[in-house]
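Comments concern the structure below.
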Amino acid sequence: MTFPDYVVIAIFFGVMVLIGFYSSRKVKNSNDFFVAGGKVPWWLAGISHHVSGYSGVVFVAFAGVAYTYGFTIYVWWAFAISVAVITGAYLIAPRWSRLRQNLNIGSPTEYLQVRYGLSTQLLTAFSGTALKLFDVAAKWASIGILLNVFTGLPVIAGATMTAAIALLYTTIGGLWADLYTDFVQFLIQIVAGILMFITVVGKLGGIGSISGMWSRLPKGHAGLFNGPYTFAFFLAYMLMSSFSYNGGTWSLATRYIASPNSASAKKSGLLSGILYLIWPLILFFPMWAAPIFLPKLADPTDAYALMVRKFLPAGLVGLVLAGIFSATLSMVTSDANTVSAVITRDIIPFLSRRFRELNPRKELRLARMTTFTFVFMTLIITAFYKDFGGVIGLIVVWFGALVGPTAVPMILGLIPRFKHSGSKAAISSIITGVVIFVMMKVVDYEGSQALILAAPTIASILVYTGMGFIDRKGVVPDSVERLLGELTMANVNGGKDR
Numbered sequence: 068m069t070f071p072d073y074v075v076i077a078i079f080f081g082v083m084v085l086i087g088f089y090s091s092r093k094v095k096n097s098n099d100f101f102v103a104g105g106k107v108p109w110w111l112a113g114i115s116h117h118v119s120g121y122s123g124v125v126f127v128a129f130a131g132v133a134y135t136y137g138f139t140i141y142v143w144w145a146f147a148i149s150v151a152v153i154t155g156a157y158l159i160a161p162r163w164s165r166l167r168q169n170l171n172i173g174s175p176t177e178y179l180q181v182r183y184g185l186s187t188q189l190l191t192a193f194s195g196t197a198l199k200l201f202d203v204a205a206k207w208a209s210i211g212i213l214l215n216v217f218t219g220l221p222v223i224a225g226a227t228m229t230a231a232i233a234l235l236y237t238t239i240g241g242l243w244a245d246l247y248t249d250f251v252q253f254l255i256q257i258v259a260g261i262l263m264f265i266t267v268v269g270k271l272g273g274i275g276s277i278s279g280m281w282s283r284l285p286k287g288h289a290g291l292f293n294g295p296y297t298f299a300f301f302l303a304y305m306l307m308s309s310f311s312y313n314g315g316t317w318s319l320a321t322r323y324i325a326s327p328n329s330a331s332a333k334k335s336g337l338l339s340g341i342l343y344l345i346w347p348l349i350l351f352f353p354m355w356a357a358p359i360f361l362p363k364l365a366d367p368t369d370a371y372a373l374m375v376r377k378f379l380p381a382g383l384v385g386l387v388l389a390g391i392f393s394a395t396l397s398m399v400t401s402d403a404n405t406v407s408a409v410i411t412r413d414i415i416p417f418l419s420r421r422f423r424e425l426n427p428r429k430e431l432r433l434a435r436m437t438t439f440t441f442v443f444m445t446l447i448i449t450a451f452y453k454d455f456g457g458v459i460g461l462i463v464v465w466f467g468a469l470v471g472p473t474a475v476p477m478i479l480g481l482i483p484r485f486k487h488s489g490s491k492a493a494i495s496s497i498i499t500g501v502v503i504f505v506m507m508k509v510v511d512y513e514g515s516q517a518l519i520l521a522a523p524t525i526a527s528i529l530v531y532t533g534m535g536f537i538d539r540k541g542v543v544p545d546s547v548e549r550l551l552g553e554l555t556m557a558n559v560n561g562g563k564d565r
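Counting in our numbering, the sequence shown runs from 68 upward without gaps.
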């Protein structure tokens with residue numbers, strides 16, 4: 068990087084901090100901090116949902132997959148997520164918004180106390196928070212790796228610097244800061260991504276190279292499935308995404324919860340799903356072309372960063388790096404905000420009575436403290452990211468495999484068909500999924516990646532639905548019947564539920 072590149076990065080971080088201070092004017096209480104008062108327009112929620120769904124991991128771990136195996140990364144990642152999100156826009160997204168309207172929830176796990184009881188709520192809150200520690204740590208590691216390639220900074224130093232800036236604006240502005248910075252970051256990503264796309268197409272020989280490039284790449288790179296990324300892996304990832312991207316990843320549920328009504332939540336989901344269908348085709352193109360320009364890379368995860376360094380002039384390198392920062396900051400600040408909501412509203416009040424009846428001012432202060440603590444703990448894990456299998460290990464193996472078991476009772480619990488699956492079914496499904504994952508790690512199973520990814524979620528679904536079927540003639544509590552009835556009511560007043 069040159070001096071102009073550092074200037075661009077400095078401006079980018081400065082804008083993020085300014086947005087945080089601007090957003091703070093809208094944060095008067097914890098409800099504003101966590102769900103923006105339920106006033107987020109559908110287009111802003113949709114863009115935020117999209118950019119909060121991926122991070123610098125795309126430019127590191129997934130760039131390595133694109134370099135090594137080709138087009139399959141789009142099929143099993145972007146296309147699978149698109150199908151999951153668009154389907155969820157109709158089935159799940161409206162229910163999250165109705166939860167806020169009917170229960171005034173401020174965290175995705177808050178409704179679980181009514182649906183299942185306190186024990187299930189706490190188990191989900193504790194396990195999901197622990198899981199997010201690994202997920203966010205992987206995001207910090209990915210941005211640290213990219214900074215190492217560009218600047219020579221040690222990985223943990225780059226991760227810590229980025230986390231400090233993210234903490235500054237998200238603890239000040241809450242969800243509104245996340246949303247506004249997501250929008251600005253999305254614009255930067257679009258500019259940076261198109262810039263790289265046009266540059267690489269030009270270096271390949273023009274517009275015709277978009278289709279002609281594939282014959283110059285290693286065998287199998289143009290295929291829908293390649294290497295360990297088989298059709299079965301695609302199905303497994305789509306199953307996991309159906310739970311993760313529709314609310315199992317709490318920050319994505321928050322985008323729907325913060326929508327003013329169910330119709331708005333549905334439109335935001337559709338927008339996010341369409342963006343996943345289109346944008347990755349442009350974003351991944353330089354990574355797919357990388358083997359032509361950078362053959363036999365020792366570390367394929369460096370592919371995108373090296374392509375940027377190879378082709379872009381001073382200043383523009385900083386712009387693309389800002390785009391990569393944007394992706395990471397969008398996801399981790401969203402996660403930090405939402406996990407803070409779970410800790411503040413669900414976990415801490417259980418641990419100590421003195422936090423159960425806080426006034427809005429004290430609850431807001433507690434929210435900011437928990438946000439800081441959570442991010443600090445993720446940085447500790449980042450320092451040991453290699454011990455967990457690197458970035459791809461943390462994301463695909465640890466988070467990908469475990470998000471399903473924690474999300475199954477949360478997502479299926481919103482649907483009346485599963486009303487007979489109560490607290491015992493929910494707790495048993497989570498424990499079963501985690502046990503299956505641990506057993507596979509203990510025996511050091513190295514078989515099908517699809518099985519590693521899907522087995523915990525499938526086991527959780529079978530236990531959850533199976534126990535509900537066994538208890539199908541049991542009495543469903545009136546509070547659960549009433550809750551599920553309110554979540555499935557038809558839109559009135561042009562989509563305004565209330």
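Even for Gly, the Cβ is constructed at its ideal location relative to N, Cα and C.
Check	Outcome
Extent of the continuous alpha helix (DSSP H) to which E548 belongs	D545 to L554
Nearest candidate by alpha-carbon position, reference N169, set P327, S149, M534 and I210	P327
Start and end residues, alpha helix (DSSP H) containing D245	V222 to L271
Assigned secondary structure, Y296 (DSSP; H/G/I helix, E/B strand, else coil)	strand
Buried or exposed by the 16-neighbour rule on C-beta atoms within 10 Å, applied to V502	exposed
Under the three-state DSSP convention, the category E430 falls into	helix
Same chain, Cβ closer than 7 Å to R182, neighbours up to 5 away in sequence not counted	G480, V547 and L550
Local conformation of T135 per DSSP, three classes	helix
Supposed contact pair L469 and P523 - C-beta distance, whole angstroms, cut 8 Å	6 Å
Beta-carbon proximity of W317 to V409, cut-off 8 Å	yes
Span separating the alpha-carbon of G552 from that of P544	12 Å
Straight-line Cα distance separating V442 from A403	7 Å
Under 8 Å between C-beta atoms of S488 and T555	no
Rounded distance between the beta-carbons of I210 and Y229, thought under 8 Å	First, the amino acid is wrong: residue 229 is Thr here, not Tyr. Contact holds; Cβ gap of about 5 Å.
Exposure label - T248; buried when at least 16 CB within 10 Å	buried
Backbone CA spacing between F451 and S339 [nearest angstrom]	33 Å
Span separating the alpha-carbon of I265 from that of V127	21 Å
Cβ-based burial, Y371 [other Cβ within 10 Å; buried from 16]	buried
Whole-angstrom C-beta distance between S331 and W109, which should lie under 8 Å	4 Å
Cα-Cα separation between I528 and M477, rounded to whole angstroms	11 Å
Backbone secondary structure at H487 - three-state DSSP	coil
DSSP three-state assignment for S419, whether helix, strand or coil	coil
A103 to T237 span [Cα, whole Å]	13 Å
Every unbroken alpha helix (DSSP H) within the stretch 489 to 537, with a cutoff of 4 residues, ordered by chain	490 to 509 and 516 to 537
Inter-residue Cα distance where the pair is T139 and L271	21 Å
Where F351 falls: helix, strand or coil (DSSP)	coil
Cβ pair count under 8 Å reaching 3, the stretch 345 to 362 against the stretch 157 to 173	no
Backbone CA spacing between N171 and S164 [nearest angstrom]	10 Å
Length of the line joining the Cα atoms of I341 and S397	19 Å
Residue from G382, K363, L213 and G541 whose Cα sits closest to the Cα of Y136	K363
Y304 vs A130 beta-carbon contact at 8 Å	no
For L361 and L379, believed in contact at Cβ under 8 Å, the rounded distance	That pair is no contact at about 14 Å.
Coarse secondary structure for A381, derived from DSSP in three states	coil
Proximity of Y323 and V152 at Cβ, strictly below 8 Å	no
Stretch pair the stretch 491 to 505 + the stretch 186 to 203: three plus CB contacts closer than 8 Å	yes
F88, buried or exposed, once every other Cβ within 10 Å from all chains shown has been counted against 16	exposed
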